[in-house]
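Presented below is the structure to which this report refers.
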Amino acid sequence: MYHLMFKVWESCDNTPCENNGECHVTNVTNANGVRFTGDQCETNIDDCVVQPCLKNGTCIDLINDHLCNCTDGWDGTNCNIDRNECDTQPCQNGGQCENNEGSFRCNCYQTGYQGQLCQYPGPCASQPCHYINSDYCTQFIQNNSYICTCKSGWSGSNCDTDINECLNNPCKNGTCNNNNGSYSCACMPGFTGTNCDFDIDECATTPCKNGGKCINGLNKYTCNCSGTGELAYFIHDPQFQRLTPDNNLWIIVGPVVAGVLLIIVIGIVIFIMMARSKRATRGTYSPSRQEISGSRVELGNVMKPPPEERLI
Ligand SMILES: [Ca+2]
Ligand SMILES: [Ca+2]
Ligand SMILES: [Ca+2]
1 MYHLMFKVWE
11 SCDNTPCENN
21 GECHVTNVTN
31 ANGVRFTGDQ
41 CETNIDDCVV
51 QPCLKNGTCI
61 DLINDHLCNC
71 TDGWDGTNCN
81 IDRNECDTQP
91 CQNGGQCENN
101 EGSFRCNCYQ
111 TGYQGQLCQY
121 PGPCASQPCH
131 YINSDYCTQF
141 IQNNSYICTC
151 KSGWSGSNCD
161 TDINECLNNP
171 CKNGTCNNNN
181 GSYSCACMPG
191 FTGTNCDFDI
201 DECATTPCKN
211 GGKCINGLNK
221 YTCNCSGTGE
231 LAYFIHDPQF
241 QRLTPDNNLW
251 IIVGPVVAGV
261 LLIIVIGIVI
271 FIMMARSKRA
281 TRGTYSPSRQ
291 EISGSRVELG
301 NVMKPPPEER
311 LI
């Protein structure tokens with residue numbers, strides 16, 4: 001029993017076949033470098049057998065070569081190189097060309113146009129969104145509609161309606177004033193920020209002298225002067241110019257005492273005025289009393305002794 005054994009050699013030089021095997025060369029290359037095969041070396045080798053053309057390219061066999069007809073989007077001898085279609089600027093009306101492997105696309109975003117090459121006007125082409133109050137217009141090809149993306153402070157289908165931000169009470173410590181496209185806050189004393197939500201640090205200017213420790217407050221600051229030789233505390237605000245622990249009580253009691261003293265003084269004044277008024281209406285002359293008790297005689301006249309009688 002024989003086993004037929006083959007081994008392909010490019011050349012029979014150096015007698016590669018062992019055990020008296022007969023050597024046959026199947027592929028030859030002529031003097032021009034063209035390769036052939038067949039028993040008589042009569043057949044041109046099909047260079048397309050190995051399918052050298054990629055991406056569905058069509059291969060044309062040549063003598064010792066091949067030619068690839070590439071599909072759209074591909075270039076190169078074997079159709080292995082992407083064609084950059086954007087080099088020819090295919091997108092219209094401001095569409096952005098985006099190259100990709102084997103193809104490209106036109107980004108028509110914000111152009112108002114649509115279609116593969118942005119060649120057809122869409123619902124945004126007429127610029128329906130307010131030209132100042134909107135950021136951009138987004139169109140939908142499916143139902144030929146659009147949506148305006150409004151800038152902050154504006155609403156409405158075309159961004160032409162002011163939002164009244166004051167309805168949401170944005171000003172934490174102040175008064176809200178609405179205006180077109182925005183709002184403003186008039187802050188209460190001691191507050192700052194767009195929404196008056198930041199307490200002003202009155203200690204930022206280091207107002208306390210001689211090493212006193214500053215304590216930030218609402219529209220005021222307090223200097224803790226302990227250890228500086230001054231009074232313990234100074235509070236600076238529109239109500240209290242100076243406050244110390246010792247006269248803390250007087251801050252509360254003082255007005256009460258002053259009020260009581262004022263009432264007393266007023267009472268005295270009223271009493272004196274009433275007394276004077278009574279004296280004026282009830283003077284010392286009364287005809288009825290005079291009739292009963294007779295005319296008054298001055299005490300000096302009553303007490304005056306009669307002149308002495310002379311005895312002659
Ligand atoms: Ca491409
Ligand atoms: Ca507003
Ligand atoms: Ca403050």
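At position 9 of the sequence shown (counting the first as 1) the number is 9 in full-length UniProt numbering, and the numbers step up by one without a gap. Backbone N, C-alpha and C fix where the C-beta goes; we use that ideal spot for every residue, glycine too.
When N78, Y146, T205 and G190 are compared, the shortest CA-CA separation from L218 is found for G190.
Closer than 7 Å to some heavy atom of ligand 3: that describes the Cβ of I200. The beta carbon of D46 is closer than 8 Å to those of D61 in its chain, skipping five residues each way along the sequence.
By the rule of a C-beta closer than 7 Å to any heavy atom of ligand 2, the residues picked out are G153, D162, I163, N164, E165, N178, N179, N180, G181, S182 and Y183.
Pairing G174 with C196 gives a Cβ-Cβ distance under 8 Å.
K55: not part of any beta strand (DSSP E); DSSP gives it neither H nor E.
Closest option to G112, judged by alpha-carbon separation, among G95, R105, I163 and S155: G95. Restricting attention to L54, N100, P90 and Q92, the CA atom closest to the CA of C79 is found in L54.
In the displayed model, A125 falls within coil according to three-state DSSP, outside both helix and strand.
Cβ-Cβ distances below 7 Å link G259 to nothing in the same chain once the five nearest sequence neighbours on each side are left out. Sorted by chain position, residues whose beta-carbon lies closer than 7 Å to a non-hydrogen atom of ligand 1 are G73, D82, R83, N84, E85, N99, N100, E101, G102, S103 and F104.
Counting C-beta pairs closer than 8 Å gives fewer than three between the region 127–142 and the region 85–105, which falls short of the contact rule. Here K278 carries a helix assignment [DSSP, helix/strand/coil]. Between G57 and C48, the CB-CB gap reaches or exceeds 8 Å.
In the structure shown, N178 adopts extended strand secondary structure according to DSSP, grouped into three states. Counting along the chain, the unbroken beta strand (DSSP E) around C106 starts and ends at S103 to N107.
Per DSSP, the unbroken beta strand (DSSP E) holding S145 starts and ends at S145 to C150. Around the beta carbon of T222, 16 or more other beta carbons sit within 10 angstroms, so the residue counts as buried. Secondary structure of I270 (DSSP, three-state): helix. Annotation: T71 is outside any beta strand (DSSP E) and is labelled neither H nor E by DSSP.
If you check the CB distance, C159 and C150 come in under 8 Å. About 35 Å separates the Cβ atoms of N93 and C68, ruling out a contact at the 8 Å cut-off.
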